[in-house]
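Student: I have a structure here, written as structure tokens, and I will follow up with some questions on it.
Residue numbers (the numbering used here): 1274 to 1351.
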């Protein structure tokens, strides 16, 4: 199972303590945090407050594909 924290609205980010979030989860559950401030998306990638433009959705899809691939190969995915 994979728990994905999606990007937040344009201009908003959340600091999530992933260690605290993961501590009660079984070892076979992974967490991917895409709402981290380091992964904030620029305004031009948002169509409105909660939806990506075509370019933004393509970038996010590629990022998620990379993260899932890294997870499958046992690399750091956070």
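Glycine included, every Cβ here is placed at the ideal spot set by N, Cα and C.
1. Please determine, among 1320, 1307, 1303 and 1327, the residue with the shortest C-alpha to C-alpha distance to residue 1289.
2. Please state whether DSSP places residue 1303 in a helix, a strand or coil.
3. Return helix, strand or coil for residue 1314, following the three-state DSSP convention.
4. Relative to the alpha-carbon of residue 1280, which residue among 1299, 1346 and 1319 has its alpha-carbon at the smallest distance?
5. If you count every other CB in all the chains shown that lies within 10 Å of the CB of residue 1342, and 16 or more means buried, which is it?
Tutor: If we stick to the structure as given:
1. 1307
2. strand
3. coil
4. 1319
5. exposed
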